[in-house]
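Structure first, then comments.
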Amino acid sequence: MNLQAFLRPAILCLAALGFLQGQTKLLVTVVDRKTGVEIPNLAAGNFSVSDDRIPRAVQAAEYGKITLDVMVLFDTSLVGEMVHPLGEAFINGLEEKEQMAIVSFASSADLIQDFTSSKQFLKQAVRQVKYGNTPRVVDALYAAADGGFQSAVGRKVIVILTTGVEGYSRTTERDVLKLARSNQISIFPVYVIGAERGLFEKLARESGGAFFSARDLKLSPAQLAQRVYAVLRGRYILTLAGNQSLGDRIRVEVTGTNLGIRVWASALPLD
140 MNLQAFLRPA
150 ILCLAALGFL
160 QGQTKLLVTV
170 VDRKTGVEIP
180 NLAAGNFSVS
190 DDRIPRAVQA
200 AEYGKITLDV
210 MVLFDTSLVG
220 EMVHPLGEAF
230 INGLEEKEQM
240 AIVSFASSAD
250 LIQDFTSSKQ
260 FLKQAVRQVK
270 YGNTPRVVDA
280 LYAAADGGFQ
290 SAVGRKVIVI
300 LTTGVEGYSR
310 TTERDVLKLA
320 RSNQISIFPV
330 YVIGAERGLF
340 EKLARESGGA
350 FFSARDLKLS
360 PAQLAQRVYA
370 VLRGRYILTL
380 AGNQSLGDRI
390 RVEVTGTNLG
400 IRVWASALPL
410 D
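Read in my numbering, the sequence shown has 228 at position 89, and its numbers run on one by one without any break.
This is the structure we're talking about:
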């Protein structure tokens, strides 16, 4: 008997087993950096992924739409009234089978409406908020991410509707990002003033989210909400070779698009 023919079934089984086990999944969000518009229709060859500067081969890239569980962090600080028009616009953008919760934040974070599909309940909560105190965005983020999505079934996202001012949070962004990655939560800051742009970009980039400057985009509240929701619902799932767990220094680059735009990408490792 030919030894190679005899061993072939076993070799194929081992190869298949290794293929199934030797993969890692990565959620990636890709947008036009200037406009915040989502970028679909990319292939695996458009992505380069590294973890702590070590390249990870991209075997496949799948783009798809998904329903959401959205937690909105609503700025109710002394300067928070300027984001009030965004509240109802984002509530109106909620689709069937999606849920939203609203957390008001200033010097502390308070759940003012638990997850619901009722736009009436959500709007009522926003209309009753009172403004005052110093905004502590990072503290509010940590409180929201810590157990806030226990019954979530869709993509878990936190949308921060903020003036863009950060006070003196006790929590660090590193702590927030560690918790967000552990709980598979993506962060999407929507801000008016660019004072904390670096903070918001870091929070988005390292959680698979995106960030949006309302002042730069110059859109109506409804148009801005529509653009943000398109990004929230659309994401790539990359399949990476190897089953080594990913660390907290993941970098995703997108090349070869021929779109004539500056592409921005973020990533969130999946369990």
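Every residue, glycine too, gets a C-beta built ideally from N, C-alpha and C.
Terminal residues of the beta strand (DSSP E) in which residue i lies
| i | result |
| --- | --- |
| residue 243 | 238–244 |
| residue 309 | Segment: none, residue 309 is in no beta strand (DSSP E) and carries neither H nor E. |
| residue 213 | 207–214 |
| residue 190 | 186–190 |
| residue 300 | 294–301 |
Alpha-carbon spacing of residue i relative to residue j, whole angstroms
| i | j | result |
| --- | --- | --- |
| residue 401 | residue 172 | 6 Å |
| residue 176 | residue 393 | 15 Å |
| residue 184 | residue 218 | 45 Å |
| residue 332 | residue 181 | 32 Å |
| residue 272 | residue 345 | 29 Å |
| residue 276 | residue 396 | 35 Å |
| residue 265 | residue 161 | 47 Å |
| residue 270 | residue 247 | 12 Å |
| residue 192 | residue 294 | 28 Å |
| residue 323 | residue 367 | 19 Å |
| residue 398 | residue 164 | 26 Å |
| residue 199 | residue 166 | 12 Å |
Delimiting residues of the alpha helix (DSSP H) encompassing residue i
| i | result |
| --- | --- |
| residue 355 | 353–356 |
| residue 368 | 360–372 |
| residue 258 | 258–266 |
| residue 341 | 336–344 |
| residue 277 | 276–284 |
Sequence-distant residues of the same chain with beta carbon closer than 8 Å to residue i, five excluded per side
| i | result |
| --- | --- |
| residue 363 | 225, 228, 329, 351, 353 and 356 |
Beta-carbon proximity list for residue i, same chain, < 7 Å, skipping 5 on both sides
| i | result |
| --- | --- |
| residue 201 | 375 and 376 |
| residue 133 | Nothing about residue 133 can be read from this structure; the chain reaches only from 140 to 410. |
| residue 222 | 214, 300, 301, 302 and 331 |
| residue 253 | 240 |
Bridge-paired residues (DSSP) for residue i
| i | result |
| --- | --- |
| residue 193 | 190 |
| residue 235 | DSSP output for residue 235 lists no bridge partner at all. |
| residue 389 | 190 |
| residue 375 | 167 and 202 |
| residue 249 | 243 |
Other residues of its chain near residue i: CB distance less than 6 Å, five sequence neighbours each side excluded
| i | result |
| --- | --- |
| residue 340 | 350 |
| residue 403 | 170 and 172 |
The region 324–334 in contact with the region 288–306 per 3-pair CB rule at 8 Å: yes
The region 304–315 touching the region 247–257, judged by at least three CB pairs closer than 8 Å: no
Report yes or no: do the region 195–209 and the region 363–372 share at least 3 C-beta pairs separated by less than 8 Å? Contact holds: three or more Cβ-Cβ distances are below 8 Å.
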